[in-house]
Ligand code: ZN
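In the working numbering, the protein residues as written are 2 to 456.
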């Protein structure tokens with residue numbers, strides 16, 4: 002048994018059901034579990050490891066509900082900078098066709114490292130393209146090495162261009178092989194238990210890149226094994242037009258027909274929902290991964306987050322893939338979520354605390370977890386601390402929680418995941434960051450060069 006005490010924090014923000022904020026607070030941890038949260042004076046005076054968090058704000062770690070970690074290799078690609086989703090995808094698919102297992106691993110270290118430094122402690126990733134020797138195991142290895150709580154989605158694409166889909170035939174997989182690999186990955190990596198560090202998600206990519214048969218088979222596969230389901234839905238008007246043309250119905254109706262709604266399902270984006278569809282999300286318990294930066298970057302539109310929350314839908318935040326953001330900053334994403342709803346509904350649309358609630362409790366709920374997202378006894382020991390004595394917060398002492406989003410969103414000074422320190426003094430532990438960046442950039446340039454050779 003090991004114990005850990007964080008004490009003297011200027012403010013502990015619990016995100017518990019009472020929305021408690023504790024001045025001069027702390028957290029007491031035994032192994033990977035929070036045992037006590039309260040004022041410093043109310044906690045045990047010592048522990049195996051003690052961190053003095055004077056001048057800091059402490060929050061539960063943020064939960065990222067949608068990502069494509071490998072896309073950090075294709076950030077800001079010139080031909081894809083000013084494109085909407087379908088053109089952006091058509092530009093990038095041929096480049097991603099050169100992806101290797103090594104590239105998946107190194108890009109996962111980079112994108113996960115970036116997320117952790119920005120306050121994220123749990124990450125859901127959606128890996129749906131498996132060219133060459135790429136495997137989902139490559140990114141699971143990276144998450145394990147960094148100590149990140151991980152929900153890797155075994156994604157898939159099976160509908161190539163020759164069959165009416167969007168991706169080129171060269172990057173889609175055979176459906177029987179996809180399901181067989183899902184089986185293998187679940188057997189090797191899935192941990193359904195409390196405080197799990199790795200839960201596999203089943204995730205065909207989108208209505209325009211897989212067949213309805215694979216959607217149905219994936220849902221059945223997941224439900225037989227108690228796994229969650231994830232995909233992209235209602236991201237753009239092009240997708241809506243595709244579904245109306247190919248299936249004679251809107252994306253949400255298609256998902257309902259395919260049995261892809263429910264408390265075990267969450268969808269990325271949900272930009273083009275109408276009133277009835279917002280109600281369906283709430284009534285069925287289907288979750289939403291809101292990706293404001295990506296939606297703005299691709300010109301997709303504004304997801305009706307205020308209305309979804311009002312309707313009682315489960316909503317979390319997500320940075321989306323690194324090629325459509327192209328920064329993976331979790332606090333930055335919460336800031337954009339707060340601001341983007343205000344563009345549509347005015348300045349009272351979403352408060353800083355609500356945006357952070359979506360980023361913590363909302364995300365935990367979307368991933369189907371009751372052991373992360375708030376600071377309370379019995380929860381997993383996942384929390385972050387940020388020094389308030391920084392330039393960006395000068396003058397914002399009246400509300401340090403709001404300062405996190407109203408001012409320039411900072412990187413964290415401390416991050417603890419599953420009771421283990423992963424960021425100390427603002428530095429990611431256990432990773433030679435400069436060497437990894439250099440290797441990542443070499444692989445990124447190689448990927449672009451090999452695409453030019455193949456073209
Ligand atoms: Zn996505």
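Every residue gets a Cβ at the ideal spot worked out from N, C-alpha and C, and that includes glycine.
#### Entry: Residue environment, residue 164, which counts as buried when at least 16 other CB atoms sit within 10 Å
Here residue 164 refers to the residue found at position 163 of the chain shown. It is exposed - the Cβ of residue 164 has fewer than 16 other Cβ atoms within 10 Å.
### Query
Skipping 5 residues on each side, what residues in its chain have a beta carbon closer than 7 Å to that of residue 108?
One-based indexing of the chain shown puts residue 108 at position 107. Excluding sequence neighbours, residue 108 sits near 70, 71, 73, 74 and 441.
### Start and end residues, alpha helix (DSSP H) containing residue 261
Residue mapping note: residue 261 aligns to position 260 of the chain shown, counting from 1. Neither: residue 261 is in no alpha helix (DSSP H) and is coded neither H nor E.
### Query
Taking residue 434 as the reference, which of 261, 147 and 37 has the closest Cα?
Here residue 434 refers to the residue found at position 433 of the chain shown. Nearest C-alpha to residue 434: 147.
### Message
By the three-class DSSP mapping on this structure, what secondary structure does residue 431 have?
### Response
Counting from 1 along the chain shown, the entry for residue 431 is found at position 430. Three-state DSSP puts residue 431 in coil, outside helix and strand.
### residue 26 - DSSP class collapsed to helix/strand/coil
Counting from 1 along the chain shown, the entry for residue 26 is found at position 25. The answer is strand: DSSP assigns residue 26 an E or B state.
### Query
Going by the beta-carbon positions, is the gap between residue 2 and residue 32 smaller than 9 Å?
In the chain shown, the residue the question calls residue 2 occupies position 1. In the chain shown, the residue the question calls residue 32 occupies position 31. Cβ distance < 9 Å, so residue 2 and residue 32 count as in contact.
### Query
Taking DSSP as the reference, what is the three-state secondary structure of residue 303?
The residue given as residue 303 occupies position 302 in the chain shown. Coil.
### Task
Determine the contact status of residue 291 and residue 359, defining contact as a CB-CB distance below 9 Å.
On the chain shown, residue 291 is found 290 positions in, with the first residue counted as 1. On the chain shown, residue 359 is found 358 positions in, with the first residue counted as 1. Yes, the Cβ-Cβ distance between residue 291 and residue 359 is below 9 Å.
### Query
Which class does residue 5 belong to by DSSP, given the choice of helix, strand or coil?
Within the chain shown, the letter at position 4 stands for residue 5. It is a strand residue.
### Message
Helix, strand or coil for residue 244? Go by DSSP, reduced to three states.
### Response
Here residue 244 is taken as the residue at index 243 of the chain shown, counted from 1. Here residue 244 sits in helix by DSSP.
### Task
State yes or no: is the C-beta of residue 110 within less than 9 Å of the C-beta of residue 437?
Here residue 110 corresponds to residue number 109 of the chain shown, with the count starting at 1. Here residue 437 corresponds to residue number 436 of the chain shown, with the count starting at 1. Closer than 9 Å, so yes.
### For residue 138, the first and last residue of its enclosing alpha helix (DSSP H)
Walking along the chain shown from the start, residue 138 turns up at place 137. Segment 137-147, the alpha helix (DSSP H) holding residue 138.
#### Entry: Status (buried if at least 16 other CB within 10 Å, exposed otherwise) for residue 342
Along the chain shown, read from residue 1 onward, the residue named residue 342 stands at position 341. Buried: at least 16 other Cβ atoms inside 10 Å.
### Task
Using beta-carbon positions only, say whether residue 218 and residue 278 come within less than 9 Å of one another.
Reading the chain shown from its first residue, position 217 is the one you call residue 218. Reading the chain shown from its first residue, position 277 is the one you call residue 278. No, these two residues do not count as a Cβ contact at 9 Å.
### Query
Would you say the beta carbon of residue 325 comes nearer than 8 Å to a heavy atom of the ligand PLP?
The model on display carries the ligand ZN but not the ligand PLP.
### Query
Name the DSSP bridge partner or partners of residue 10?
Sequence index remark: in the chain shown, residue 10 carries index 9 (1-based). Answer is 26.
### Proximity of residue 201 and residue 230 at Cβ, strictly below 9 Å
Counting from 1 along the chain shown, the entry for residue 201 is found at position 200. Counting from 1 along the chain shown, the entry for residue 230 is found at position 229. No. Outside cutoff.
### Message
Alpha carbons only, please: which of 257, 299, 55 and 297 is nearest the one belonging to residue 286?
### Response
Residue mapping note: residue 286 aligns to position 285 of the chain shown, counting from 1. Measuring from the Cα of residue 286, the nearest candidate turns out to be 257.
### Query
Okay, do the stretch 245-254 and the stretch 88-106 touch, 3+ Cβ pairs below 8 Å being the bar?
no
### Task
Give, in chain order, every unbroken run of the beta strand (DSSP E) that is at least 3 residues long and sits entirely within the stretch 367-408.
384-388
### Task
Give, in chain order, every unbroken run of the alpha helix (DSSP H) that is at least 4 residues long and sits entirely within the stretch 127-202.
137-147 and 176-190
### Distance cut-off 8 Å: residue 159 Cβ against heavy atoms of the ligand ZN
Residue numbering aside, residue 159 sits at position 158 when the chain shown is read from its first letter. Flag unset: Cβ of residue 159 not near the ligand ZN.
### Task
Specify whether the stretch 366-384 and the stretch 395-402 touch according to this definition: at least 3 beta carbon pairs, one from each stretch, less than 8 Å apart.
Per the Cβ contact rule, the stretch 366-384 is not in contact with the stretch 395-402 (fewer than 3 Cβ pairs under 8 Å).
### Query
So residue 6 and residue 29 are in contact, right, with Cβ under 8 Å, and what is the actual spacing, rounded?
Numbered from 1 along the chain shown, position 5 holds the residue referred to as residue 6. Numbered from 1 along the chain shown, position 28 holds the residue referred to as residue 29. About 5 Å separates the two Cβ atoms, so the contact holds.
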